[in-house]
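Student: Quick one: structure below, then a few questions.
What follows is the structure, encoded as structure tokens:
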């Protein structure tokens with residue numbers, strides 16, 4: 086399958102998550118079967134004004150390919166400045182525009198899902214982005230602003246006319262944030278009606294959920310985000326299920342420790358010990374959810390680790406206990 090002129094060898098896309106989908110996380114997940122990954126959401130203003138932290142978001146690697154860089158913004162001239170920077174400084178295949186983020190600090194600027202309120206204005210903005218970018222442009226949206234303005238069909242038509250190469254839909258409204266459940270049913274058959282690929286997103290926590298979402302919506306791709314945190318084999322098994330292959334067994338505790346260590350080392354190399362530990366406190370507990378002693382492990386990691394050696398001691402303790 087292709088997104089624009091980019092060949093995509095698989096069906097599972099790694100969704101953008103603020104504070105999660107660093108280059109280290111994307112490199113870690115790629116071998117599990119990620120067909121395309123997206124960066125954390127990048128502010129076009131942050132890029133245009135030369136914010137040092139923002140510049141770090143568009144780092145990529147040879148492992149992390151193909152990759153999309155995701156921008157958010159509300160002013161086309163500012164977005165063009167950001168595109169100029171990433172086209173000069175970054176290696177990537179796809180430009181994604183976030184039109185679905187429901188976070189207040191994003192929508193109050195007119196970006197993210199605030200765009201869903203004005204399809205005509207959105208069309209003109211996205212058409213200008215597509216014409217300016219030298220890379221294929223994709224877009225991520227939601228069902229609509231709220232339950233009284235579910236307008237994804239109108240938004241999709243505007244995006245197709247603007248020339249985007251793929252649309253990802255998180256099957257909630259903006260007002261829902263991440264509450265309630267994703268509504269795949271309202272998107273029934275949409276993938277068959279669109280002339281470009283559709284990616285379905287929202288509540289993809291199991292293989293069964295992924296298959297159900299794709300069957301109902303007829304999407305060509307499925308996006309794994311929160312469901313893959315600490316559970317990278319989910320990506321592998323979704324792809325295997327789509328291809329009619331036998332699923333791999335559930336990961337063992339030893340598997341999880343090994344993967345947690347591998348990811349931690351990648352993040353350490355990217356950010357340095359202090360900044361990596363700050364992120365790992367929140368991310369590593371996900372690897373042990375559902376295993377005996379999870380609450381104690383989570384508490385020990387989130388409250389007690391200050392150095393990488395502290396984290397290694399916890400990993401070793403978990404491994405030793407699992408062999409008893």
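Numbering (this note's numbering), first residue to last: 86 to 409. Don't be surprised by glycine CBs; every beta carbon is placed ideally from N, CA and C. Remember, it's a predicted structure, so these values are computed and weren't measured experimentally.
Which runs of the beta strand (DSSP E) at least 3 residues long sit entirely within the region 283–344? Give them in chain order.
Tutor: DSSP runs (the beta strand (DSSP E)) wholly in the region 283–344: 283–286, 306–309.
Student: Could you tell me whether the region 118–136 touches the region 147–164, using the rule of 3 or more Cβ pairs below 8 angstroms?
Tutor: Touching, per the Cβ criterion.
Student: Name the residue from 154, 167, 148 whose alpha carbon lies nearest to the alpha carbon of residue 136.
Tutor: Of the listed residues, the one whose Cα sits closest to residue 136 is 167.
Student: Measuring straight from C-alpha to C-alpha, what distance separates residue 207 and residue 218?
Tutor: Between residue 207 and residue 218, the C-alpha separation is close to 16 angstroms.
Student: Determine the extent of the alpha helix (DSSP H) in which residue 360 is found, giving its start and end residues.
Tutor: Residues 358–368.
Student: Here's a check: name, in chain order, each residue in its chain whose Cβ is nearer than 6 angstroms to the Cβ of residue 382, leaving out the five neighbours to either side.
Tutor: Excluding residues within five positions, the ones whose Cβ falls inside 6 angstroms are 373.
Student: Measure the CB-CB distance between residue 108 and residue 153 and report whether it falls below 8 angstroms.
Tutor: Contact flag unset, no.
Student: Are the region 223–230 and the region 243–261 touching, with three or more C-beta to C-beta distances below 8 angstroms?
Tutor: In short, these stretches touch, since the Cβ pair count reaches three.
Student: Ordered along the chain, which non-local residues of its own chain (more than five positions away) have a Cβ less than 8 angstroms from that of residue 138?
Tutor: Counting only Cβ-Cβ distances below 8 angstroms, and skipping sequence neighbours, we find 131.
Student: For residue 154, name the three-state secondary structure that DSSP assigns.
Tutor: It is a strand residue.
Student: Once the 5 residues before and after residue 314 are set aside, which same chain residues still bring their CB inside 6 angstroms of it?
Tutor: Excluding positions up to five away in sequence, the list reads 371.
Student: Can the beta-carbon of residue 180 be found less than 8 angstroms from the beta-carbon of residue 201?
Tutor: No, they are not a contact pair.
Student: Ordered along the chain, which non-local residues of its own chain (more than five positions away) have a Cβ less than 7 angstroms from that of residue 103?
Tutor: Cβ within range, chain order: 125, 126.
Student: Where DSSP assigns a beta bridge to residue 95, which residues make up the other side?
Tutor: Its beta-bridge partners do not exist; DSSP assigns none.
Student: Could you check the C-alpha separation between residue 248 and residue 211 for me, to the nearest Å?
Tutor: Looking at the two C-alpha atoms, the distance is approximately 8 angstroms.
Student: State the start and end residues of the unbroken beta strand (DSSP E) segment that holds residue 181.
Tutor: Run containing residue 181: 179–183, per the beta strand (DSSP E) assignment.
Student: Can at least three beta-carbon pairs, one atom from the region 292–304 and one from the region 318–330, be found at a separation below 8 angstroms?
Tutor: Cβ pair count under 8 angstroms is three or more, so yes.
Student: Answer with buried or exposed for residue 490, where buried requires no fewer than 16 other C-beta atoms within 10 angstroms of its C-beta.
Tutor: The structure shown does not extend to residue 490, since the chain is modelled only from 86 through 409, so no value can be given for it.
Student: Just mark residue 354 as buried or exposed, buried being the case when its beta carbon has 16 or more other beta carbons within 10 Å.
Tutor: Residue 354 comes out exposed.
Student: Determine, using beta carbons only, whether residue 89 and residue 286 come nearer to each other than 8 angstroms.
Tutor: No, Cβ-Cβ distance for residue 89 and residue 286 is not below 8 angstroms.
Student: Look at the alpha carbon of residue 242 and the alpha carbon of residue 215, and state the distance between them as a whole number of angstroms.
Tutor: Each residue's Cα considered, the two are about 15 angstroms apart.
Student: Would you mind reading off the limits of the alpha helix (DSSP H) that contains residue 163?
Tutor: It spans 161–174 - the alpha helix (DSSP H) in which residue 163 sits, taken as one unbroken run.
Student: Does residue 134 pass the burial test, meaning 16 or more other C-beta atoms within 10 Å, or should it be called exposed?
Tutor: Looking at its Cβ environment, which holds fewer than 16 other Cβ atoms inside 10 Å, residue 134 is exposed.
Student: The beta strand (DSSP E) that contains residue 128, what's its start and end?
Tutor: Start and end: 121–128.
Student: State buried or exposed for residue 389, treating a residue as buried only when at least 16 other CB atoms are found within 10 Å of its CB.
Tutor: Residue 389 should be labelled exposed.
Student: Does residue 225 come out as helix, strand or coil in the three-state DSSP assignment?
Tutor: Here residue 225 sits in strand by DSSP.
Student: With distance defined between alpha-carbon atoms, name the residue in 252, 302, 244 nearest to residue 269.
Tutor: The candidate whose alpha carbon is nearest that of residue 269 is 302.
Student: Measure the alpha-carbon distance for residue 308 versus residue 345 and round it to whole angstroms.
Tutor: Their backbone Cα atoms lie some 22 angstroms apart in a straight line.
Student: CB residue 362 to CB residue 392, shorter than 8 angstroms?
Tutor: Cβ atoms of residue 362 and residue 392: closer than 8 angstroms.
Student: With 16 other CB atoms within 10 Å as the buried threshold, where does residue 223 fall?
Tutor: It is buried - the Cβ of residue 223 has at least 16 other Cβ atoms within 10 Å.
Student: Considering only C-alpha positions, which residue in the set 387, 192, 337 is nearest to residue 367?
Tutor: Nearest option by C-alpha distance: 387.
Student: According to DSSP, is residue 87 part of a helix, a strand, or is it coil?
Tutor: Here residue 87 sits in strand by DSSP.
Student: Any heavy atom of the ligand SAH closer than 7 angstroms to the Cβ of residue 259?
Tutor: Questions concerning the ligand SAH fall outside what the structure shown contains, since it holds no ligand whatsoever.
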